[in-house]
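*Asks:* Got a structure for you, questions after.
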Amino acid sequence: MIALRLDCRGQKCPQPIIELGRRIADVAVGELVELLADDPAAGPDVAAWCRMRGQELVVSESPRFVVRRR
Amino acid sequence: MLPDAHRALLSAYAEDLGDPLRLHRRGRLAALALAEAQTRVAAAVGARPDEVVFTPSLAHAAHAAIAGLARGRRRSGDIVVTTAVEHSSVLAAARTYGVHREVAVDRLGRVDLDRWTAEVSAPGVATAAIQVANHEVGTLQPYAEAIAIAQQAGVPLILDATTALGRLDLSAVPGWSVLLGWAGAFGGPVGVGFMVVRKGTRWRAPYPTDDYQDGRWPGPPDVAAVHAAAVALDSGLGLGRLVGEHQHRLVNHLRIEIGARVPDVEIAGDPVRRVPHLLTFSALYVDGEALTVELDRAGFAVASGSACSAHSEQPSHVLAAMGSLTHGNVRIGLTWTTDSAEVERFLTVLPVVVAEIRSRLGAP
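These protein sequence lines map, in sequence, to chains A and B.
In case it helps, the working numbering puts the first sequence at residues 6 to 75.
In case it helps, the working numbering puts the second sequence at residues -7 to 356.
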């Protein structure tokens, strides 16, 4: 189940990643955040953010990304 | 541009060199200068002077190399194998003139040699291309191994020496068929690229040719610029070891200090096996364009591989292939004169600039 949906379509990087970083703490550990981002940098950058922040990337199908809070 | 190259360029233009195919005095002087430049480039890469062909840029040389090998090797196949982190011109030519197969790299930007072996040894490969060192992150490829694998498979290899030439000794690298270079990368004029086509290579000109450069690149070359390029290469090779060691130390210092002084920054590429002068890093939650503009205002001309800052909608394919962060990206190329004082000033300015941009963007 998605606990939080963030629609960042039309925003340029790094804005979608900043939004993800600001809102990840709004969900409980183990819950899912869905991010919609159509900027071409979102694919590599969501993955890099998850790696740097120790979060789990569950779905990466641009423009849809799902991250599980750890 | 290196001062020696700049002086050489101006004096060569003042001499008003003629058309190298003409027999009048100015023409003979031009032919002489062209032959001398071929000799200098050939010595730097361990080739014969008559194997050196000058072009107006790296892109032209890359297109000519790939299209020419695809044409010459038509009967063997149409597959062009490259790593995922080659120059854009190499990737574009591979897609345009053949069936492109890309080989993945690891987090440091090094090619996966098992995958390389599998792709290069597959049936139907016309040619394969690999860099000595990456132009964005500086990582050295295991190019000697990659060349040997291509040789084993009977596939002619294109070695893109652009970033390494004039920094590393490439005068005794065996096994490549075509080598690419660009004067702008070693302190020469930006309008001079070259390909070195080894004798016996099945390369066929993929465009109409004439009598210039033995029918390998049409039209009269800009001999004054070519002369300055050769002077820059010699000058770079002369400075090479001393400046290279100094630059290597400065970049080591930058890598350590940027990581220590700026929170949430990723420093890309191989920390050890790299060219001496390049450094690339990405700062989380920072806009690459703003970072470039602010650093420029502080007196530092840097490049960026971030999508919003490179006249492109796409982020750097090199960073993406490495799984690195692509936003907030900065690429620094040390010049021959960069010193410790300049590096320290950069290290003082950078944390302030990054913090200011993060606060402006509302970073968490």
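Glycine is no exception: its CB is placed at the ideal position from the N, C-alpha and C atoms.
Predicted model, so just to flag it, every value in this text is computed and none were measured.
Tell whether a beta-carbon distance below 8 Å holds between P307/B and A295/B.
*Replies:* Not a contact, by the Cβ cut-off of 8 Å.
*Asks:* Which same chain residues end up closer than 7 Å to R159/B when comparing Cβ atoms and leaving out the 5 residues on each side of it in sequence?
*Replies:* Cβ neighbours of R159/B beyond the five flanking positions: G232, G236, V267, P268, H269.
*Asks:* For S316/B, tell me which candidate among R323/B, I259/B, E305/B has the shortest Cα-Cα distance.
*Replies:* Closest option to S316/B, Cα to Cα, is I259/B.
*Asks:* Starting from the beta carbon of A252/B, find every residue of chain A whose beta carbon is closer than 7 Å, and list them in chain order.
*Replies:* Those do not exist, as A252/B stays about 16 Å from chain A at its closest Cβ, beyond 7 Å.
*Asks:* Would you please state the rounded distance, in angstroms, between the beta carbons of A140/B and T131/B? I believe it to be under 8 Å.
*Replies:* Between T131/B and A140/B the Cβ distance is about 19 Å, and since that is not below 8 Å, they are no contact.
*Asks:* Does Q143/B come within less than 8 Å of chain A when only Cβ atoms are used?
*Replies:* Chain A, which has no Cβ nearer than 8 Å to the Cβ of Q143/B, makes this no.
*Asks:* Quick check: the Cα distance between V44/B and V188/B, rounded to an integer number of angstroms?
*Replies:* Rounded to whole angstroms, V44/B to V188/B spans 4 Å at the Cα level.
*Asks:* Using a beta-carbon distance below 8 Å, is E258/B in contact with chain A?
*Replies:* Yes - at least one Cβ of chain A is within 8 Å of the one on E258/B.
*Asks:* Can you name, in chain order, every residue of its own chain whose Cβ lies under 8 Å from the Cβ of G26/A, other than the five neighbours on each side?
*Replies:* Counting only Cβ-Cβ distances below 8 Å, and skipping sequence neighbours, we find W54, R58.
*Asks:* Out of L62/A, F70/A, A47/A, point me to the one whose CA is closest to L311/B's CA.
*Replies:* Residue A47/A is the option with its Cα nearest to L311/B.
*Asks:* Would Y199/B be called buried (16 or more neighbouring beta carbons within 10 Å of its own) or exposed?
*Replies:* When all chains shown are included, Y199/B counts as exposed.
*Asks:* G185/B bridges to which residues according to DSSP?
*Replies:* According to DSSP, which records beta bridges pairwise, G185/B is partnered with T47/B, W174/B.
*Asks:* I'd like to know whether the C-beta of D262/B is nearer than 8 Å to at least one C-beta of chain A.
*Replies:* Not one chain A Cβ lies under 8 Å of D262/B.
*Asks:* Could you tell me which of L61/B, R241/B, H219/B, A156/B sits nearest to V170/B, measuring between CA atoms?
*Replies:* Comparing Cα-Cα distances from V170/B to each of L61/B, R241/B, H219/B, A156/B, the minimum goes to L61/B.
*Asks:* Roughly how many angstroms lie between the CA atoms of T119/B and A54/B, to the nearest whole one?
*Replies:* Roughly 12 Å separates the two Cα atoms.
*Asks:* Could you check whether V77/B and V91/B sit closer than 8 Å to each other, using their CB atoms as the reference points?
*Replies:* Contact flag unset, no.
*Asks:* Between the segment 35 to 52 of chain A and chain B, which residues of the former have CB atoms less than 8 Å from a CB of the latter, in chain order?
*Replies:* So the close ones are D44, P45, A46, G48, P49, D50, A52.
*Asks:* Tell me, to the nearest whole angstrom, how far the beta carbon of E286/B is from that of V345/B; I am working on the premise that it is less than 8 Å.
*Replies:* Going by Cβ atoms, the distance from E286/B to V345/B rounds to 5 Å, so yes, they are a contact pair.
*Asks:* Regarding A355/B and the ligand MG, is the C-beta to nearest heavy atom distance less than 7 Å?
*Replies:* Absence of the ligand MG from the depicted structure is noted, as is the absence of any ligand whatsoever, leaving it without description.
*Asks:* Spell out whether any CB of chain B is found under 8 Å from the CB atom of P68/A.
*Replies:* Taking Cβ atoms only, chain B never reaches closer than 8 Å to P68/A, which makes this a no.
*Asks:* So, does the CB of T318/B fall closer than 8 Å to a CB anywhere in chain A?
*Replies:* Closer than 8 Å: yes.
*Asks:* Measure the beta-carbon distance from I122/B to T75/B and round it to whole angstroms, keeping in mind my assumption that it falls under 8 Å.
*Replies:* Correct: roughly 6 Å between the Cβ atoms.
*Asks:* If you measure between the beta carbons of D279/B and G320/B, is that distance less than 8 Å?
*Replies:* Cβ atoms of D279/B and G320/B: closer than 8 Å.
*Asks:* In whole angstroms, what is the alpha-carbon distance linking A221/B and A59/B?
*Replies:* Rounded to whole angstroms, A221/B to A59/B spans 25 Å at the Cα level.
*Asks:* With respect to the alpha helix (DSSP H) encompassing D152/B, which residues constitute its N-terminal and C-terminal limits?
*Replies:* Note, D152/B: premise wrong, no alpha helix (DSSP H); beta strand (DSSP E) at 149 to 152.
*Asks:* Alpha carbon to alpha carbon, how far is G64/B from E336/B? Give it in angstroms, no decimals.
*Replies:* The straight-line gap from Cα to Cα measures roughly 52 Å.
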